[in-house]
Amino acid sequence: MPVLWLFILVLALGLIGFVLGRARALKDAQGDIRLLHSLPSYYGSNVLLATLIPGFAVLVLWLIVQPMVIHGQVAGMIPERGLSDYGSLNLAMSDVRRVAEGLDIAVEQGALSAEQARDIRTEFTDIRGRLGEVGVALGSNVQPYVLQAAQKYRAMNATGHWLMSAAVIAAAIAGFAIAYMRTGKDMRARNSVERVILILLLSAASIAILTTIGIVLSLIFNTIEFFKLYPATDFFFGTTWSPSFGGGSELGILPLFWGTFYVSIIALIVAVPIGLFAAVYLSEYAGPKVRAIAKPLLEVLAGIPTIVYGLFALLTVGPLLMSIFGQDGGLGWMQGGRSVMTAGLVMGVMLIPFVSSLSDDIINAVPQAMRDGSLGLGATKSETVKQVVLPAALPGIVGAILLAASRAIGETMIVVLGAGAAAKLDLNPFEAMTTVTTRIVSQLTGDADFSSPEALVAFALGMTLFVITLALNIFALYIVRKYREQYD
Amino acid sequence: MNDMRIVRKDVDMNDTKISAKGVQVYYGDTHAIKDVDVEIKDKTVTAFIGPSGCGKSTFLRCLNRMNDTIDICRVEGKIELDGEDIYDKRVDPVQLRAKVGMVFQKPNPFPKSIYDNIAYGPRIHGLAKNKADLDEIVEKSLRRGAIWDEVKDRLHAPGTGLSGGQQQRLCIARAVATEPEVLLMDEPCSALDPIATLQVEELIDELRENFSVVIVTHSMQQAARVSQKTAFFHLGNLVEYGDTEQIFTNPKDERTESYITGRIG
Numbered sequence: 001m002p003v004l005w006l007f008i009l010v011l012a013l014g015l016i017g018f019v020l021g022r023a024r025a026l027k028d029a030q031g032d033i034r035l036l037h038s039l040p041s042y043y044g045s046n047v048l049l050a051t052l053i054p055g056f057a058v059l060v061l062w063l064i065v066q067p068m069v070i071h072g073q074v075a076g077m078i079p080e081r082g083l084s085d086y087g088s089l090n091l092a093m094s095d096v097r098r099v100a101e102g103l104d105i106a107v108e109q110g111a112l113s114a115e116q117a118r119d120i121r122t123e124f125t126d127i128r129g130r131l132g133e134v135g136v137a138l139g140s141n142v143q144p145y146v147l148q149a150a151q152k153y154r155a156m157n158a159t160g161h162w163l164m165s166a167a168v169i170a171a172a173i174a175g176f177a178i179a180y181m182r183t184g185k186d187m188r189a190r191n192s193v194e195r196v197i198l199i200l201l202l203s204a205a206s207i208a209i210l211t212t213i214g215i216v217l218s219l220i221f222n223t224i225e226f227f228k229l230y231p232a233t234d235f236f237f238g239t240t241w242s243p244s245f246g247g248g249s250e251l252g253i254l255p256l257f258w259g260t261f262y263v264s265i266i267a268l269i270v271a272v273p274i275g276l277f278a279a280v281y282l283s284e285y286a287g288p289k290v291r292a293i294a295k296p297l298l299e300v301l302a303g304i305p306t307i308v309y310g311l312f313a314l315l316t317v318g319p320l321l322m323s324i325f326g327q328d329g330g331l332g333w334m335q336g337g338r339s340v341m342t343a344g345l346v347m348g349v350m351l352i353p354f355v356s357s358l359s360d361d362i363i364n365a366v367p368q369a370m371r372d373g374s375l376g377l378g379a380t381k382s383e384t385v386k387q388v389v390l391p392a393a394l395p396g397i398v399g400a401i402l403l404a405a406s407r408a409i410g411e412t413m414i415v416v417l418g419a420g421a422a423a424k425l426d427l428n429p430f431e432a433m434t435t436v437t438t439r440i441v442s443q444l445t446g447d448a449d450f451s452s453p454e455a456l457v458a459f460a461l462g463m464t465l466f467v468i469t470l471a472l473n474i475f476a477l478y479i480v481r482k483y484r485e486q487y488d
Numbered sequence: 001m002n003d004m005r006i007v008r009k010d011v012d013m014n015d016t017k018i019s020a021k022g023v024q025v026y027y028g029d030t031h032a033i034k035d036v037d038v039e040i041k042d043k044t045v046t047a048f049i050g051p052s053g054c055g056k057s058t059f060l061r062c063l064n065r066m067n068d069t070i071d072i073c074r075v076e077g078k079i080e081l082d083g084e085d086i087y088d089k090r091v092d093p094v095q096l097r098a099k100v101g102m103v104f105q106k107p108n109p110f111p112k113s114i115y116d117n118i119a120y121g122p123r124i125h126g127l128a129k130n131k132a133d134l135d136e137i138v139e140k141s142l143r144r145g146a147i148w149d150e151v152k153d154r155l156h157a158p159g160t161g162l163s164g165g166q167q168q169r170l171c172i173a174r175a176v177a178t179e180p181e182v183l184l185m186d187e188p189c190s191a192l193d194p195i196a197t198l199q200v201e202e203l204i205d206e207l208r209e210n211f212s213v214v215i216v217t218h219s220m221q222q223a224a225r226v227s228q229k230t231a232f233f234h235l236g237n238l239v240e241y242g243d244t245e246q247i248f249t250n251p252k253d254e255r256t257e258s259y260i261t262g263r264i265g
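Going down the list, the protein sequences come from chains B and G. The first sequence begins at 1 in UniProt numbering and counts up by one. The second sequence begins at 1 in UniProt numbering and counts up by one.
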């Protein structure tokens, strides 16, 4: 039975359970819902959930465990000779699966009968040819042991499927029966439904956390691998970045780190004052009409994809800066359109809505009583903003700025297009430089061999970046928490 | 005054500080204050009483133009402070608020130290020549706010760390520090316990020596205890205005009597 049908069957069983459970509860109370502990639909939902949860749990578990078990069993059938033929067990097993799938397709299309597929022998039939006719191409002639393994694989899969269907339906029916039998007017159906909802919410939260942990783990293992091949001191303190896939690379993070830092600083120098002033204007001075128009317009900036900002940097800001600071402008500081300044300015524009929107919310959260108190003492609006509102909102604003900073550090597309690709340690902001993120991209695109330090370095770079932004975020949260509620 | 009651001398002898004539206030389309005339005397405590939503707080906020900060609010009529129209175009509301201080319903100390809370106004208005001068103003204001003894050892602790009653007295001291001529108080005791209320009431009585005080209150006992003049507002109208004793013992208007005896409101 296909999994989809099984799924629908369990679902149908659950819906029947809903109707029956509801009816049983009502009947137990002689149709008077005031006698019930919970509303009738809770009894229905309770039976529904008691049917679906065990059914689907068994289904999911089985789908995960069955391939593992079968793989273990079938792998035992591959003789020593097979390992040398294919090079590794995994390659042999993938051939086994291909043959098994090919036989399945052949049976489906009527090229072979089910019995033929079961009893077919390499000695008597050209299996490669027969399978080729139904569209399954095999690389070489099928070895007898592969065919036997494939047939065993098919047989076990078929049995497994039947067992699975039986187990799933049994679990669903058992859950149904227990919940239905327990349904009565005094049963606390609402509480058990609530508990299921709680678990649902909890698992949603844990998925987000587990994903973070998974990302960190995947980075950690590759990073450790990298440090086995390349000394950590050279990585963290090396001042040259010159990867070459031929070997003999120098992989010092400092030039990249300096590029990241320099671009981010310029971006923040642009974004923080403009964003903050915009926020102060919007929250303190703008009338409701101006605010209703200006705030969404400002937030449109946040919705522009960063690649578009990158194009803006490459096509507009770069040439503009060139005409002022380049050879044409007479200053000669700038050699090409791509520079730290180009990327920094554009990234700053990108960060303005971040800073302004978050700061605006925070400034609005300062109680009106604070402003009234200051105005009531004869302070002007700007004195009130400067001396009362901003100090009260400061922790939140610092948090907003740190969030913007971690966004700037992780930004890639603007830097790829705006800052260039040369890894240098230079103070001139009109020089092309590169950042950690762009190097990760260039190290992993192309024909990277995942066992060379040149490719693995990307994970070490990613890990370093992750640690830095994580530290910034934690620091931001700490600041916000420590100084929050000061005015309440 | 048509009864024979003797009015306290210090009230009648004083000059008019604030005079309001034909004041109308609109919030958008709502007509919140209807044609109010009132004369507030100098060095007197004037109480505004009335049921919730009757416009007494709104009227109070007209007296130092705090309603300017509300976009939809519109004020008509004439309010004079020492004979000068405060809604005249030449009057700077900021200057006016320095002269007419305000204490709010909920204590609202700034998230700064006790010292900086008091020094805020004097600093803004340049009242102190130097640090020693400022120290003196802070001490004097805290003494007048009857809170000096409680906070003198922790002037640099945050003002938000004080108890509710202390915070409110800090706010009063803060308002006093700018040397206003009139002090407006919008239900200053509604968030306080009875003991703190008593302290604040005693403070109000002392402040009368130097300022004209206008207090909005829901507590009729409080109005009777601290004020010399009382105005009763109802549905945006000033129903009755007169000496406190007369209002509480012999009200002329039926509505005043109903409110005071607890039949409406």
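C-beta: ideal position from N, C-alpha, C; glycine also.
Coarse secondary structure for residue i, derived from DSSP in three states
{"i": "B:Q30", "result": "coil"}
{"i": "B:L11", "result": "helix"}
{"i": "B:L91", "result": "helix"}
{"i": "B:N222", "result": "helix"}
{"i": "B:V134", "result": "coil"}
{"i": "G:K41", "result": "strand"}
{"i": "B:L198", "result": "helix"}
{"i": "B:M334", "result": "strand"}
{"i": "G:K89", "result": "coil"}
{"i": "B:G348", "result": "helix"}
Neighbour list for residue i in chain B, Cβ cutoff strictly below 8 Å
{"i": "G:T178", "result": "L377 and G378"}
{"i": "G:N64", "result": "G376"}
{"i": "G:T69", "result": "R371, D372 and L375"}
{"i": "G:K106", "result": "A369"}
First and last residue of the uninterrupted alpha helix (DSSP H) at residue i
{"i": "B:M181", "result": "P144 to R182"}
{"i": "G:K99", "result": "P93 to K99"}
{"i": "G:C171", "result": "G164 to A177"}
{"i": "B:R291", "result": "P288 to G303"}
{"i": "G:K106", "result": "Note, G:K106: premise wrong, no alpha helix (DSSP H); not H, not E."}
{"i": "G:Q24", "result": "No alpha helix (DSSP H) contains G:Q24, which is instead part of the beta strand (DSSP E) from T16 to Y27."}
{"i": "G:S141", "result": "K131 to R144"}
{"i": "G:T230", "result": "Not the alpha helix (DSSP H): G:T230 falls in the beta strand (DSSP E), residues K229 to H234."}
Buried or exposed by the 16-neighbour rule on C-beta atoms within 10 Å, applied to residue i
{"i": "B:G214", "result": "exposed"}
{"i": "G:R154", "result": "exposed"}
{"i": "G:R97", "result": "buried"}
{"i": "B:F221", "result": "exposed"}
{"i": "B:L351", "result": "buried"}
{"i": "G:D243", "result": "buried"}
Contacts of residue i in chain G (Cβ-Cβ under 7 Å)
{"i": "B:V388", "result": "F110"}
{"i": "B:G287", "result": "D71"}
Where residue i meets chain G, residues with beta-carbon distance less than 8 Å
{"i": "B:E383", "result": "I124"}
{"i": "B:G396", "result": "Under the 8 Å cutoff, chain G gives no residues; its nearest Cβ is about 12 Å from B:G396."}
{"i": "B:G420", "result": "Within 8 Å Cβ-Cβ: nothing; B:G420 doesn't reach chain G, min ~46 Å."}
{"i": "B:A392", "result": "F110 and P111"}
Beta-carbon neighbours of residue i, restricted to chain B and to distances below 9 Å
{"i": "G:R97", "result": "L375, G376, L377, G378 and A379"}
{"i": "G:M102", "result": "D372, G373, L375, G376 and L377"}
{"i": "G:R174", "result": "G373 and L377"}
{"i": "G:C54", "result": "Going along chain B, no residue has its Cβ under 9 Å from G:C54, so there is no contact; the nearest lies around 21 Å."}
{"i": "G:C171", "result": "G373"}
Residue i: first and last residue of the uninterrupted beta strand (DSSP E) it sits in
{"i": "G:M185", "result": "V182 to D186"}
{"i": "B:Q368", "result": "Unbroken run through B:Q368 is the alpha helix (DSSP H), Q368 to G376; no beta strand (DSSP E)."}
{"i": "G:N237", "result": "N237 to D243"}
{"i": "G:G77", "result": "C73 to L81"}
{"i": "G:S212", "result": "S212 to V216"}
Close Cβ partners of residue i (< 8 Å) along its chain, the five nearest in sequence each way excluded
{"i": "G:H156", "result": "S113, I114 and Y115"}
{"i": "B:G238", "result": "E250, L251, G252, I253 and L254"}
{"i": "B:P40", "result": "R22, A25, L26 and I33"}
Neighbourhood of residue i by C-beta, 6 Å cutoff - its chain only, sequence neighbours within 5 removed
{"i": "B:L48", "result": "G14, G17 and F18"}
{"i": "G:E80", "result": "S19"}
Contacting residues, own chain, Cβ-Cβ under 7 Å from residue i (five flanking each side not counted)
{"i": "G:L142", "result": "I118, W148, V151 and A173"}
heavy atom of the ligand SAM below 7 Å from residue i C-beta
{"i": "B:E108", "result": "As far as ligands go, the structure on display features none, and thus does not contain the ligand SAM."}
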